[in-house]
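Take the sequence shown: its letters are residues 3 to 402, numbered as in the numbering used here.
Think of the CB as a built atom: it goes at the ideal place given N, C-alpha and C, for glycine as much as any other residue.
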Amino acid sequence: MHLKRDQAIIFWAIFLWAMGMGLYNYLWPVYTRQLGAGDVELGFLYSLSFLITTLATIPGGSLADRFDRKWVIIGFWWIAVPSPVIYALAGDWRALIPGILLFNVSNALNPALQAYLSETAEPRRIATTFNVVFAAFPLGMVISPAVGGWLARGFGLRSVFWVTFAFYLVSSLSLFLLTPQPPRRVVRRDKPARAPASPGGGWLAAPEVRPLLRLSLFFGLVMGLWNLYLPFSTPFLADVAGLDVFWVGVLGTLASLGAAILSPLLGRLADRNGLPRVLGWSLAAQLAPLGLWLLWPTALPALAGSMFLRGLQDGSRGVMTSMVGHHMTGPKAGDRRQLAGRGFALYAVVTGLFQAVTPYVGGWLYRYGAPVPFLAALVGLALATLSLPSVVARWGDGRV
3 MHLKRDQAII FWAIFLWAMG MGLYNYLWPV YTRQLGAGDV ELGFLYSLSF LITTLATIPG
63 GSLADRFDRK WVIIGFWWIA VPSPVIYALA GDWRALIPGI LLFNVSNALN PALQAYLSET
123 AEPRRIATTF NVVFAAFPLG MVISPAVGGW LARGFGLRSV FWVTFAFYLV SSLSLFLLTP
183 QPPRRVVRRD KPARAPASPG GGWLAAPEVR PLLRLSLFFG LVMGLWNLYL PFSTPFLADV
243 AGLDVFWVGV LGTLASLGAA ILSPLLGRLA DRNGLPRVLG WSLAAQLAPL GLWLLWPTAL
303 PALAGSMFLR GLQDGSRGVM TSMVGHHMTG PKAGDRRQLA GRGFALYAVV TGLFQAVTPY
363 VGGWLYRYGA PVPFLAALVG LALATLSLPS VVARWGDGRV
């Protein structure tokens, strides 16, 4: 797919960011353990991350509708740049928290970024656009986890964060090339222009917002189930499979490769066959990697296949975001278009609350038994897949 200029800039900015983040992403649990964190503390750090992201998204959505989205994106993007330096200098797991705060506050840019992309995407290709642009993240992480494992083995884990810092700088600088996107005002011919609804909450009670809230609750449940076990994948690989940091990095590379391949594929399928239908296919297929993980936890080929198939999660997330984008900026959106930032913020807040709770729960489940959070997620995802048709039927947007 050919990306427009601004879409390509965002693609490469995300790619460079992912190159830096991928160096340490799969090694993060190992690093926190070195700094004295246990399983519950690790779950706490992940929950804290998602909680900060959720809270930051609330003002982020309003800012995305009130100010030029280019500068909202750039301003929050730069906030996260010092975080790897803080991680590198930490002497205790608690000293990581300031870096976690900065990194996740920067996620306030997400409503502006998603609304920016929605405005530049063709309505019939919205899922393809989202999934191709955001495929830059797993694509950037195809090589970097293995490189991070190599750096950690040869020079220590702290060295990884300094290389990450360099990638973050270059990524942030590239965003200055974006075209400005001022707040949108919709003018209706049949009635006077309406001012954007107050962020105080009046617009949340509108009938057209209710489908978005229902979708967000369901998507939050799915993402929460993912976060029940994902933070404990690396400890599982070390504790059960007995792998060192290098092999953890290699498997992380396979997961990123799977996402880079499967995410754009799901986007194309969704635009051709309907967003809800392809989302259902993807959720059902995600039961396979969890089954492989549970049935053959020490077999390297099974672990490799499982990590590759986890790329379906990135594709599913893109399809979910596309459904929100279609609702807020699609051909039938009308006045909702000027509230796109707040619509994406509502989606991020609801899904973020689910994601903030489940890692901490997963930490206690993992302490009870390493396979338990994986088994709980398998059962939950199976039930979510079965309930998707009824959720979509109430959404009322038909095939899209």
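query: Is the beta carbon of residue 375 less than 8 Å from the beta carbon of residue 49?
result: Residue 375 is not a Cβ neighbour of residue 49, given a cutoff of 8 Å.
field: Inter-residue Cα distance where the pair is residue 293 and residue 137
entry: Rounded to the nearest angstrom, the two C-alpha atoms are 25 Å apart.
- prompt: Which residue's Cα is closest to the Cα of residue 101: 127, 224, 55 and 275?
  reply: With distances taken between Cα atoms, residue 101 lies closest to 55.
query: Under the rule that 16 or more other beta-carbon atoms within 10 Å means buried, what is residue 67, buried or exposed?
result: Under a 10 Å Cβ-count criterion, residue 67 is classified as buried, with 16 or more other Cβ atoms of the shown protein chains found around its own Cβ.
field: 8 Å Cβ cutoff met for residue 311 and residue 260
entry: Yes, the Cβ-Cβ distance between residue 311 and residue 260 is below 8 Å.
- request: Give me the Cα-Cα distance between residue 91 and residue 30, rounded to the nearest whole angstrom.
  value: Cα to Cα, residue 91 sits roughly 14 Å from residue 30.
- prompt: DSSP on residue 34, reduced to helix/strand/coil?
  reply: Three-state DSSP puts residue 34 in a helix.
field: Run of the alpha helix (DSSP H) containing residue 86, from where it starts to where it stops
entry: From DSSP, the alpha helix (DSSP H) with residue 86 extends over 85-91.
task: Ignore the nearest five residues each way along the sequence and tell me which others in residue 242's own chain have a CB closer than 6 Å to its CB.
output: Once the five neighbours on either side are set aside, the close Cβ partners of residue 242 are 299 and 372.
message: Can you tell me where the alpha helix (DSSP H) holding residue 72 begins and where it ends?
response: 71-81 is the extent of the alpha helix (DSSP H) around residue 72.
- request: Within the same chain, show all residues whose beta-carbon is closer than 6 Å to that of residue 118, passing over the 5 residues directly before and after it, in chain order.
  value: Around residue 118: 71 and 183.
field: For residue 358, the nearest candidate out of 22, 47 and 147 (CA to CA)
entry: For the residues 22, 47 and 147, the minimum Cα distance to residue 358 belongs to 47.
- request: In angstroms with no decimal places, state the Cα-to-Cα distance between residue 63 and residue 113.
  value: Straight-line Cα distance between these residues: approximately 5 Å.
task: Over the uninterrupted alpha helix (DSSP H) stretch that includes residue 146, give me the two end residues.
output: Its alpha helix (DSSP H) spans residues 146-157.
query: Between which two residues does the alpha helix (DSSP H) containing residue 143 stretch?
result: That residue, residue 143, is in no alpha helix (DSSP H); it is neither H nor E in DSSP.
- prompt: Which term fits residue 265, buried or exposed, when burial requires 16 or more other beta carbons within 10 angstroms of its beta carbon?
  reply: Around the C-beta of residue 265, 16 or more other C-beta atoms lie within 10 Å, and the residue is accordingly described as buried.
- prompt: If you compare alpha carbons, which of 135, 24 and 328 is closest to residue 267?
  reply: If we check each option's Cα against that of residue 267, 135 comes out closest.
message: Please identify the residue among 348, 14, 45 and 21 whose C-alpha is closest to the C-alpha of residue 231.
response: Of 348, 14, 45 and 21, the residue nearest in Cα terms is 45.
- prompt: CA-CA distance, residue 270 and residue 278?
  reply: When rounded, the separation of the alpha-carbon atoms in residue 270 and residue 278 is 13 Å.
8 Å contact criterion, which residue 273 and residue 123 should meet: CB distance rounded: About 10 Å separates the two Cβ atoms, so there is no contact after all.
CA-to-CA distance, residue 256 to residue 202, given in whole angstroms: Annotation note: pLDDT 43 at residue 202 (below 50); position unreliable, coordinate value reported separately. So the alpha carbons of these two residues sit roughly 44 Å apart.
query: Which of helix, strand or coil does DSSP assign to residue 123?
result: Looking at residue 123 - three-state DSSP - the assignment turns out to be coil, as it is neither helix nor strand.
query: In chain order, what residues of the same chain have a beta carbon less than 6 Å from the beta carbon of residue 322, not counting five sequence neighbours either side?
result: Cβ within range, chain order: 221.
message: Beta-carbon within less than 8 Å of residue 94's beta-carbon, same chain only, minus the 5 sequence neighbours each way: which residues are those?
response: For residue 94, where only same-chain residues beyond five positions count, the Cβ hits under 8 Å are 37 and 38.
- prompt: Using DSSP with H/G/I as helix, E/B as strand and the rest coil, what is residue 26?
  reply: Reduced to three states, the DSSP call for residue 26 is coil.
task: Can you give me the start and stop residues for the alpha helix (DSSP H) that residue 63 sits inside?
output: Judged by DSSP secondary structure, residue 63 falls within the alpha helix (DSSP H) whose first and last residues are 41-68.
message: Rounded to whole angstroms, what is the Cα-Cα separation between residue 141 and residue 216?
response: Between the C-alpha atoms of residue 141 and residue 216 there is a straight-line separation of about 31 Å.
Local conformation of residue 2 per DSSP, three classes: The shown model of the chain, from 3 to 402, leaves out residue 2, and the question about it has no answer.
field: Rounded separation between residue 354 and residue 156 - CA only
entry: Approximately 36 Å, taken between the alpha carbons.
task: Enumerate in chain order the residues of its own chain whose CB-to-CB distance from residue 16 is below 8 Å, with the five nearest sequence positions on each side excluded.
output: So the qualifying residues of the chain are 135, 136, 138, 139, 142 and 173.
- prompt: Among the residues of its own chain, which have a CB less than 7 Å from the CB of residue 248, if the five just before and after it don't count?
  reply: 151, 152 and 155, listed in sequence order.
query: Expressed to the nearest angstrom, what Euclidean distance is found between the alpha-carbon atoms of residue 283 and residue 379?
result: Their backbone Cα atoms lie some 17 Å apart in a straight line.
Residue 356 classed as buried or exposed, judged by whether at least 16 other C-beta atoms fall within 10 angstroms: Buried, because 16 or more other Cβ atoms sit within 10 Å of the Cβ of residue 356.
task: Give me the Cα-Cα distance between residue 11 and residue 370, rounded to the nearest whole angstrom.
output: If you take the alpha carbons of residue 11 and residue 370, they lie about 45 Å apart.
- request: May I have the straight-line CA-CA distance separating residue 106 from residue 132, to the nearest angstrom?
  value: If I take the Cα positions, the gap works out to 21 Å.
message: Under DSSP, the alpha helix (DSSP H) around residue 300 begins and ends at which residues?
response: Here residue 300 belongs to no alpha helix (DSSP H), and DSSP marks it neither H nor E.
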